[in-house]
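*Asks:* Handing you a structure now.
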Amino acid sequence: MTFEKVTVIGLGYIGLPTAAMFASRKIKVHGVDVSQHVVDTVNQGKVHIVEPELDMIVQAAVVGGYLKASLTAEPSDAFLIAVPTPFKGDNHEPDLSYIESSCATIAPVLKKGDLIILESTSPVGTAEMISEWIGKLRSDLKMPKMGQEESDILIAYCPERVLPGHILRELVENDRVIGGINSRSSLAASELYKTFVMGECIVTNARTAEMVKLTENSFRDVNIAFANELSIICDKLGISVWELIRLANRHPRVNILQPGPGVGGHCIAVDPWFIVSQSPKEAKLIRTAREVNDGKPSWVIDKVKVALADFLQENPGKSVRDVSIACFGLAFKPDIDDLRESPALHIAKEISSVHAGKTFAVEPNITDFAAKAYGKLEFQGVEQALDKADIVVLLVDHKEFKKIPVDLLKGKKVVDTRGIWTQ
Ligand code: SAJ
């Protein structure tokens, strides 16, 4: 199968870099997004997200005439869907409305032989739902079914697995899991990815590929929950969790992850719920891990309250209003500016809303503070915050914070959720 033109639906953290990779291999790419701002930005050869080197490759693709964007789809040989799949409601059910509307966008321009690839993290069975949704809109096309080779349209689920901050390298180097509804779909999707993927393209069926993606992120969530639970137990027992993990990891078959203030981002804090909502009775461990990680921010806030009470007891002349608390880091992980589902942001905002004195926030990766709502938080640089704060709360292990000499923390109460100052 030859691919002269590919349409990418959703020009976000995954869709845009993937579109740019195809374009860099001289495949014509048509990008589609619901946001006029995103469409305009891409057509100017610019990017609307922070990701190393993405700006250069997008600019080259647009200037070379290989990438353009619009609000609507155009006839193509392949359609790649990379739209968000958040969860909704108290039961954390996956919200597939963006995928369904992507199907409505591409249905009118589909023709016999076209390939549809879904990259969005999705519950098991979503590729088959795409087949049904499009089948209802295009009764003239024979849509694929699991176990049947004959179809006019090919559909595969191929999860993205790249790490934000390393997306362009990982897009090329990572192995890809390719899950076609039938084997012709898998073969076609494999051929398309091989235009830029240097890793192995491993073929399976759509359902297994969907579960692989959910499993990868749940594996990490469960392992982080183990570390977070240990940190709470160790705190109670007066043991340094950092030393404990270092020592336990000397065992050749033990590899414990690091505790923190909770789990953030749009993937690991979300995807395990897709397994839980589909198999609520069976997914006991996965649900508990989510609950442990989601409960960690409240535990950190309680630690800050204890630090405040201790400080006031040691400084009887002072009232709560006189005490300044500095929160170091707001992003969901080190050295990025991404605030999505960030436990650090949640903790800092919560402290600022309940604390009668000043609450400072230090976030070296964000400069445009005015553009976002941060409650009562007051932004400060590293030095000013250290100078003014009585209580210091380390929430993200950004490189700038690792350099702070521990001497500068003398006389302050420290709540270090990452173990960079207090090992
Ligand atoms: N975290 C810890 N302790 C650790 C490791 C991570 O508390 O030892 C926290 C981080 O601080 C952060 C959260 O977990 O709040 C998630 O960070 P991460 O670096 O583990 O993962 P993400 O969300 O940036 O990217 C993940 C990756 N998945 C896996 O590693 C299995 C990435 O490969 C996926 O492509 C991405 O999710 C996705 O899009 O699904």
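Going by this note's numbering, the sequence shown wraps up at 776, each residue one higher than the last.
Ideal Cβ positions, reconstructed from N, Cα and C, are used throughout, including at glycine.
#1: List the whole-angstrom C-beta distance separating V735 from P687, where the pair is believed to meet the contact cut-off of C-beta under 8 Å.
#2: Run through DSSP, which three-state label would I689 get?
#3: Quick check: the Cα distance between F685 and I520, rounded to an integer number of angstroms?
#4: Please tell me whether, using a cut-off of 6 Å, the distance from the CB of Q320 to the nearest non-hydrogen atom of the ligand SAJ is below it.
#5: Using 6 Å as the cut-off, classify the Cβ of F685 as near or not near the heavy atoms of the ligand SAJ, replying yes or no.
#6: DSSP three-state call for K752: helix, strand or coil?
#7: Using a Cβ-Cβ cut-off of 8 Å (strictly less than) and excluding sequence neighbours within five positions of V673, which residues of its own chain qualify?
#8: Terminal residues of the continuous beta strand (DSSP E) containing G368?
#9: Nearest-angstrom Cα distance between I598 and I483?
#10: Heavy atom of the ligand SAJ less than 6 Å from the Cβ of G591, yes or no?
#11: Going by C-alpha to C-alpha distance, which of A738, S492, V565, I402 sits closest to V477?
#12: Could you tell me the alpha carbon to alpha carbon distance between I654 and K381, rounded to whole angstroms?
#13: Can you say whether V436 is buried or exposed, counting buried as having 16 or more other CB atoms within 10 angstroms of its CB?
#14: Measuring only the C-alpha atoms, how far is H401 from D743?
#15: On the DSSP letters alone, give me the boundaries of the alpha helix (DSSP H) that K465 sits inside.
#16: Check each candidate in I678, I689, E694, I592 and name the one with the smallest Cα separation from I704.
#17: For the beta strand (DSSP E) holding A714, just list the boundary residues, first then last.
#18: Jot down the residue ranges of each uninterrupted alpha helix (DSSP H) in the stretch 530 to 560, minimum 4 residues, whole runs only, in chain order.
#19: Over the uninterrupted alpha helix (DSSP H) stretch that includes I628, give me the two end residues.
#20: Taking the alpha carbon of F754 as the reference point, which residue from E716, Q776, K763 has its own alpha carbon closest?
#21: Just to confirm, are Q776 and W595 a CB contact at a threshold of 7 Å?
#22: Any idea what DSSP makes of L610, helix, strand or coil?
#23: What separation, rounded to the nearest whole angstrom, lies between the Cα atoms of Y510 and S538?
#24: Less than 6 Å between the CB of E343 and some heavy atom of the ligand SAJ, yes or no?
#25: Can you list, in chain order, the residues of its chain whose CB lies under 8 Å from that of L424, leaving out five sequence neighbours each side?
#26: Measuring only the C-alpha atoms, how far is M409 from A580?
#27: Quick one: residues in its chain with C-beta nearer than 8 Å to the C-beta of R693, no 5 flanking neighbours on either side, listed in chain order?
#28: For T712 and K763, what's the separation of their Cα atoms in angstroms?
#29: Using only the alpha-carbon positions, how far apart do R606 and L600 sit?
#30: Out of V629, N718, D467, D690, state which residue places its alpha-carbon closest to the alpha-carbon of N570.
#31: Could you tell me if A457 is buried or exposed, where buried requires 16 or more neighbouring beta carbons within 10 angstroms of its beta carbon?
#32: If you measure between the beta carbons of E513 and M551, is that distance less than 7 Å?
#33: Does the distance between the C-beta of I577 and the nearest non-hydrogen atom of the ligand SAJ fall short of 6 Å?
#34: So that I know if they touch, is there some Cβ in chain D lying closer than 7 Å to that of I628?
#35: Classify E563 as helix, strand or coil using the three-state DSSP reduction.
#36: To the nearest angstrom, how far is it from the Cα of G518 to the Cα of H751?
*Replies:* Let's see:
#1: By one-based count along the sequence shown, residue 735 stands at place 382. By one-based count along the sequence shown, residue 687 stands at place 334. With a Cβ gap of about 15 Å, V735 and P687 do not count as contacting.
#2: Reading the sequence shown from its first residue, position 336 is the one you call residue 689. I689 falls in the coil class under three-state DSSP.
#3: Numbered from 1 along the sequence shown, position 332 holds the residue referred to as residue 685. Numbered from 1 along the sequence shown, position 167 holds the residue referred to as residue 520. Across the structure, F685 and I520 are spaced so that their CA atoms are roughly 17 Å apart.
#4: The chain is shown only over 354 to 776; residue 320 falls outside these bounds and no answer can be derived.
#5: Counting from one through the sequence shown, the residue named residue 685 turns up at place 332. Yes, since a heavy atom of the ligand SAJ falls inside the 6 Å radius drawn around the Cβ of F685.
#6: Residue numbering aside, residue 752 sits at position 399 when the sequence shown is read from its first letter. If DSSP states are grouped into helix, strand and coil, K752 belongs with the helices.
#7: By one-based count along the sequence shown, residue 673 stands at place 320. Counting only Cβ-Cβ distances below 8 Å, and skipping sequence neighbours, we find L661, L665, H708, A709, G710.
#8: Numbered from its first residue, the sequence shown carries residue 368 at position 15. Unbroken run through G368 is the alpha helix (DSSP H), 368 to 377; no beta strand (DSSP E).
#9: Here the question's residue 598 lines up with position 245 in the sequence shown. Here the question's residue 483 lines up with position 130 in the sequence shown. Each residue's alpha carbon lies about 45 Å from the other.
#10: Reading the sequence shown from its first residue, position 238 is the one you call residue 591. It does not: the Cβ of G591 is nowhere closer than 6 Å to a heavy atom of the ligand SAJ.
#11: As a working mapping, residue 477 is identified with position 124 in the sequence shown. If you compare the alpha carbons of A738, S492, V565, I402 with that of V477, the shortest gap goes to V565.
#12: Locating residue 654 in the sequence shown gives position 301, counting from the first residue. Locating residue 381 in the sequence shown gives position 28, counting from the first residue. Distance between the alpha carbons of I654 and K381: 51 Å.
#13: Taking the sequence shown and counting its residues from 1, the one referred to as residue 436 is at position 83. That one is buried.
#14: Counted from its first residue, the sequence shown places residue 401 at position 48. Counted from its first residue, the sequence shown places residue 743 at position 390. Their Cα atoms are separated by approximately 38 Å.
#15: As a working mapping, residue 465 is identified with position 112 in the sequence shown. From DSSP, K465 is part of no alpha helix (DSSP H); its letter is neither H nor E.
#16: Sequence index remark: in the sequence shown, residue 704 carries index 351 (1-based). The residue with the shortest Cα to Cα distance from I704 is I678.
#17: Along the sequence shown, one-based indexing puts residue 714 at 361. Note, A714: beta strand (DSSP E), 712 to 715.
#18: 536 to 546
#19: Taking the first residue of the sequence shown as 1, we reach residue 628 at position 275. Element bounds for I628: 625 to 631.
#20: Position 401 of the sequence shown, counting from 1, holds the residue named residue 754. Ranked by how close their Cα comes to the Cα of F754, the residues E716, Q776, K763 have E716 in first place.
#21: Here residue 776 refers to the residue found at position 423 when the sequence shown is read from its first residue. Here residue 595 refers to the residue found at position 242 when the sequence shown is read from its first residue. Yes, the Cβ-Cβ distance between Q776 and W595 is below 7 Å.
#22: Position 257 of the sequence shown, counting from 1, holds the residue named residue 610. Reduced to three states, the DSSP call for L610 is coil.
#23: One-based indexing of the sequence shown puts residue 510 at position 157. One-based indexing of the sequence shown puts residue 538 at position 185. Cα to Cα, the separation comes out at about 9 Å.
#24: Residue numbering for the chain in the displayed model covers 354 to 776; residue 343 lies beyond these limits and cannot be assessed.
#25: As a first step, residue 424 must be located in the sequence shown, where it is residue number 71. Result list for L424: V385, D386, V387, Q389, V392, in chain order.
#26: Start at 1 with the first residue of the sequence shown, and residue 409 comes out as number 56. Start at 1 with the first residue of the sequence shown, and residue 580 comes out as number 227. Each residue's Cα considered, the two are about 39 Å apart.
#27: Translated into positions along the sequence shown, residue 693 becomes position 340. If we look at R693 and ignore the five residues flanking it on each side, its Cβ neighbours are G617, G618, H619, F685.
#28: Counted from its first residue, the sequence shown places residue 712 at position 359. Counted from its first residue, the sequence shown places residue 763 at position 410. If you take the alpha carbons of T712 and K763, they lie about 19 Å apart.
#29: Reading the sequence shown from its first residue, position 253 is the one you call residue 606. Reading the sequence shown from its first residue, position 247 is the one you call residue 600. Those two C-alpha atoms are separated by around 12 Å.
#30: Sequence index remark: in the sequence shown, residue 570 carries index 217 (1-based). Nearest of V629, N718, D467, D690 to N570, Cα basis: V629.
#31: The count along the sequence shown starts at 1 and reaches residue 457 at position 104. Counting Cβ neighbours within 10 Å, A457 comes out exposed, since fewer than 16 surround it.
#32: Along the sequence shown, one-based indexing puts residue 513 at 160. Along the sequence shown, one-based indexing puts residue 551 at 198. Not a contact, by the Cβ cut-off of 7 Å.
#33: Residue 577 sits at position 224 when you count from the first residue of the sequence shown. Checking the Cβ of I577 against the ligand SAJ gives yes.
#34: In the structure shown, chain D cannot be found, because there is only a single protein chain.
#35: Position 210 of the sequence shown, counted from the start, is the residue given in the question as residue 563. In the structure shown, E563 sits in a helix (DSSP, three-state: H, G or I).
#36: Against the sequence shown, residue 518 aligns to sequence position 165. Against the sequence shown, residue 751 aligns to sequence position 398. Straight-line Cα distance between these residues: approximately 14 Å.
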